[in-house]
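Chains as they are written, first to last, in the working numbering: chain Z, 1 to 420; chain F, 1001 to 1420.
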């Protein structure tokens, strides 16, 4: 050991979760899990380590992305390994691996941590957690309706109302047909328009039309396309209609919605925060016709979304909805001095057997300080333990919020504490 | 995309958790978390990525271990990063980082995934999950008693009884004193005996004595040491006495217990399976006087243990105690044909609002097949949805286990299902 001390900072771009932050994280994960399970989704997981080939397989452009934006290294067996940057390839791999045994449609959710090698930027994290929900093997539009209803229900289960967020829906396939109706069939032109649409709400209207004109080389056509894109008439979009049938009203068609990923082929959707301070995309997803293509076999269609922990937390903070699953014990037993510590442990054991969570303060602090420490730790009840109490087998429990006290045997106190 | 298909196998040495395995994993984690919280332990987490210096700092021997047995790589910012092989250094880093704000004793638990770069060996995993429980800043022996009582309680909470496992206890400090009484004060000799003891139950008694004689170069002394080591008299071991006071009877002193880690300084302990088919160490831990030494500042004492998911699962399987937190929905709604799928979603929404978990089968299967699929998925109730039911607003729910049926409006069915 040298005199130079190690830093207590975590690795750059990742977070330590001390109890307060962990309680928030657990709250997010619990609401996510409960909501997904209420829709019949089963939980899955995998390792953060994946063969790099899983991400590189989609072509040269992807290979560059993998090399530059992911944690990829070579292990001592000369295998290229990547810390997963997204969950969809893993889930597709798992679906493909058991396609014979699985009973479709399959509904899966997971809460993986994902890694991106970001260039050093203020506040950009290299690791985050993400709720992923997917249905595989169902092509019916009601699968899309269900998945988006699940996303909607997550917000309600966190205490949000429909004024706080909106659901934007588009369809890659319908857009392709709409372009065809306007005489645009060339693949490269459709892709160029889609990429421009992806930036539409970040640029001026005039810039948009100018760039569009440049792409289609026809000003009149550009105006027609703009009118089509900007129309909020849902047309015969069954997903929008279906969601309205379920009583979901904060949903609208947005034909400029593009979503980045190339693999989407049908419905795409996004949930946006309506708060002026946090006007951003909260979650997004869509349908892909054959996500298991890399693994061979008959195509399996899927629709899914991802929802990040940081984004979720920002939304809840913005709307003042953030709470936490605090794991503080209900009762703290405070021995008057260290000779009573073992008696404290014995007493704690009795309360625990009744289902109460109990800590004993075995520090060298004076009792008054022990009480204030318990209060700071948000512990509800304290029991000061002296030898008189032990001799009499009668104890006093104090509620630190109300100041109320109750006395009695362990059995009497248990029945009062478990009743309250 | 090429014609060559990707493998659906995970990376070597890691596991995919399909729903059945994930349900078991969740069951393990939930019992771990609930037990730790009932003792007043707060949950913490950190990233799997840690600066490599955290593991290399303890000297050249450690540096070799880090290079050979861990996943360590250099990121593009020239930082050396390690996938954590154990949680204790991380927790020590976090304790040291907030030593001013924390109110000691601190009780923390975590359920991290840990990585080891194992040479290719049948069944050896490169990633596993581990429950870690620690108390920091309490030197009183009742902290040791509490932590071991917590380990004991975990077994009981999984349904085990005391005949299925035993707790072995030793103390590094006491052993040092015992060697001193026998005239052995040389540090290297003590270390050599300790290392020999670590192998004691794997070698013959004669081999043990022969090797011991070689170390101390005195046959009579070797016999004396052996007698001391093999005595099961707890002497004045307060921890053993304290555990007995708490009614824990499957505990004994084992002076041959060494535990691998160098940093232990006081109590060390291990829980062993008593089943002849699984006679192995299940969890282990101990006390260290100054675990935050690497980060400077006043010494902080800690006592902790780690308990792996694979070991836990093996124990439960051996004793026929394994169960799982199945997340199957309670009710499956089975539309007669796809035109009724949206009605199915609407109906599902009503049941979910009452707290029931519901899936709708939107596959193209015939109803009979939908019912058997629900049964295979361990779903308790099914509701077959035809247009007659919708017109009449009256539905029939069937219990797939008992065959019992109940009919009525959604409200009537909800009140029956939530009552059962």
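Heads up, the beta-carbon is just placed ideally off N, CA and C, and yes, glycines get one too.
Problem set entry | Near-chain F residues of the segment 371-396 of chain Z (beta-carbon distance less than 9 Å), N- to C-terminal order | Taken in chain order, the members of the segment 371-396 of chain Z whose beta-carbon sits within less than 9 Å of a beta-carbon on chain F are 373, 376, 377 and 379.
For this session: Starting from the beta carbon of residue 362 of chain Z, find every residue of chain F whose beta carbon is closer than 7 Å, and list them in chain order.
Result: Within chain F, the residues near residue 362 of chain Z are 1105, 1138, 1140, 1142 and 1143.
Exercise. Whose C-beta lies closer than 6 Å to the C-beta of residue 1002 of chain F among residues of the same chain, with five residues either side of it excluded?
Worked result: Any reading at residue 1002 of chain F must be qualified, since the residue scores a pLDDT of 47, below 50, and its modelled position is unreliable; the value itself is stated next. Result list for residue 1002 of chain F: empty, nothing under 6 Å.
Exercise. Are any of the Cβ atoms in chain Z nearer than 8 Å to that of residue 1001 of chain F?
Worked result: Any answer about residue 1001 of chain F is weak, because its pLDDT of 43 lies below 50 and its placement is not dependable; what the coordinates show is given next. Residue contact with chain Z for residue 1001 of chain F: present (Cβ-Cβ distance below 8 Å to some residue of chain Z).
Exercise. Taking 8 Å as the CB-CB limit, is residue 1368 of chain F close to chain Z?
Worked result: Contact with chain Z is absent for residue 1368 of chain F, since none of that chain's Cβ atoms lies less than 8 Å from the residue's Cβ.
For this session: Return no unless some Cβ of chain F is closer than 8 Å to the Cβ of residue 329 of chain Z.
Result: For residue 329 of chain Z, the answer is yes, since a Cβ of chain F falls inside 8 Å of its Cβ.
Exercise. Can a CB atom of chain F be found closer than 8 Å to the CB of residue 17 of chain Z?
Worked result: So yes, residue 17 of chain Z belongs to the interface.
Problem set entry | Where residue 1203 of chain F falls, given that 16 or more other Cβ within 10 Å makes a residue buried | Answer is exposed; the Cβ neighbour count stays below 16.
Exercise. Per the contact definition of three or more C-beta pairs closer than 8 Å, is the segment 86-106 of chain Z in contact with the segment 1042-1061 of chain F?
Worked result: Under the 8 Å Cβ criterion, the segment 1042-1061 of chain F does not count as touching the segment 86-106 of chain Z, having fewer than three qualifying pairs.
Exercise. Helix, strand or coil: which one does DSSP assign to residue 100 of chain Z?
Worked result: The DSSP-derived three-state label of residue 100 of chain Z is coil.
Exercise. Which residue's Cα is closest to the Cα of residue 237 of chain Z: Z:255, Z:224 and Z:225?
Worked result: For residue 237 of chain Z, the nearest C-alpha among the options comes from Z:255.
Exercise. By the 10 Å Cβ neighbour count, where 16 or more other Cβ atoms means buried, how is residue 348 of chain Z classified, buried or exposed?
Worked result: Answer is buried; the Cβ neighbour count reaches 16.
Exercise. CA-CA distance, residue 266 of chain Z and residue 191 of chain Z?
Worked result: Taking the straight line from one Cα to the other gives about 15 Å.
For this session: Within its chain, find whatever has a CB closer than 8 Å to the CB of residue 1385 of chain F; leave out the 5 residues flanking it on each side and keep chain order.
Result: Hits under 8 Å: 1333, 1334, 1335, 1336, 1340, 1343, 1344, 1347 and 1395.
For this session: Can you tell me the Cβ-Cβ gap for residue 13 of chain Z and residue 127 of chain Z, rounded? I've got them flagged as a contact below 8 Å.
Result: Contact between residue 13 of chain Z and residue 127 of chain Z holds, with the beta-carbon distance rounding to 7 Å and staying under 8 Å.
For this session: Compare the C-beta of residue 347 of chain Z with all C-beta atoms of chain F and state if any pair is closer than 8 Å.
Result: False, the Cβ-Cβ gap to chain F never drops below 8 Å.
For this session: Give the DSSP bridge partners of residue 1039 of chain F, in chain order.
Result: Beta-bridge pairing by DSSP links residue 1039 of chain F to no other residue.
For this session: Inspect the CB distances between the segment 1146-1158 of chain F and the segment 1034-1044 of chain F and report whether three or more fall short of 8 Å.
Result: With the cut-off at 8 Å, the segment 1146-1158 of chain F and the segment 1034-1044 of chain F touch.
Exercise. Looking at the C-beta of residue 39 of chain Z, does it have a partner C-beta in chain F at a distance below 8 Å?
Worked result: It does; some Cβ of chain F falls within 8 Å.
Exercise. Taking the beta strand (DSSP E) that residue 1406 of chain F falls in, what are its first and last residues?
Worked result: Counted as a single uninterrupted DSSP element, the beta strand (DSSP E) harbouring residue 1406 of chain F occupies residues 1405-1408.
For this session: Just mark residue 163 of chain Z as buried or exposed, buried being the case when its beta carbon has 16 or more other beta carbons within 10 Å.
Result: The residue in question, residue 163 of chain Z, is exposed, as its Cβ has fewer than 16 Cβ neighbours within 10 Å.
For this session: Determine the DSSP secondary structure at residue 28 of chain Z, reduced to helix, strand or coil.
Result: Three-state result, residue 28 of chain Z: helix.
For this session: Return no unless some Cβ of chain Z is closer than 8 Å to the Cβ of residue 1094 of chain F.
Result: For residue 1094 of chain F, the answer is yes, since a Cβ of chain Z falls inside 8 Å of its Cβ.
Exercise. For residue 1317 of chain F, which option in F:1278, F:1208 and F:1330 has the closest C-alpha, if you only look at C-alpha atoms?
Worked result: Per the Cα distances, F:1278.
Exercise. Where does residue 385 of chain Z sit, in a helix, a strand or coil, going by DSSP?
Worked result: Per DSSP, reduced to three states, the secondary structure at residue 385 of chain Z is strand.
Exercise. Looking at residue 1115 of chain F and residue 1083 of chain F, is the spacing between their C-beta atoms short of 8 Å?
Worked result: Contact check for residue 1083 of chain F against residue 1115 of chain F passes: the beta carbons are separated by less than 8 Å.
Exercise. Under 8 Å, do residue 423 of chain Z and residue 117 of chain Z count as touching if we go by C-beta distance?
Worked result: What is shown of chain Z runs 1 to 420, which leaves residue 423 of chain Z out entirely.
Problem set entry | Helix, strand or coil at residue 206 of chain Z according to DSSP, with G and I counted as helix | DSSP places residue 206 of chain Z within a helical segment (H, G or I) once states are collapsed to three.
Exercise. In the structure shown, what three-state DSSP assignment does residue 128 of chain Z receive?
Worked result: Of the three classes helix, strand and coil, the one that applies to residue 128 of chain Z here is strand, per DSSP.
Problem set entry | Beta-carbon gap between residue 1138 of chain F and residue 7 of chain Z smaller than 8 Å | Going by C-beta atoms, residue 1138 of chain F is not nearer than 8 Å to residue 7 of chain Z.
Exercise. Which value, in whole angstroms, describes the spacing of the CA atoms of residue 1223 of chain F and residue 1182 of chain F?
Worked result: In a straight line, the C-alpha of residue 1223 of chain F is about 11 Å away from that of residue 1182 of chain F.
Exercise. By how many angstroms is the C-alpha of residue 22 of chain Z removed from the C-alpha of residue 30 of chain Z?
Worked result: Approximately 12 Å, taken between the alpha carbons.
Problem set entry | Residue burial classification, residue 319 of chain Z (beta-carbon count within 10 angstroms, cutoff 16) | Around the Cβ of residue 319 of chain Z, a 10 Å sphere holds 16 or more other Cβ atoms; the residue is buried.
Exercise. Considering only the beta carbon of each residue, do residue 45 of chain Z and residue 1165 of chain F sit closer than 8 Å?
Worked result: When the beta-carbon positions are compared, residue 45 of chain Z and residue 1165 of chain F stay at least 8 Å from each other.
Exercise. What's the C-alpha gap between residue 1143 of chain F and residue 1301 of chain F?
Worked result: Answer to the nearest angstrom: the Cα atoms are 11 Å apart.
Problem set entry | Interface partners of residue 1026 of chain F on chain Z, CB under 7 Å | Neighbours of residue 1026 of chain F on chain Z, chain order: 43.
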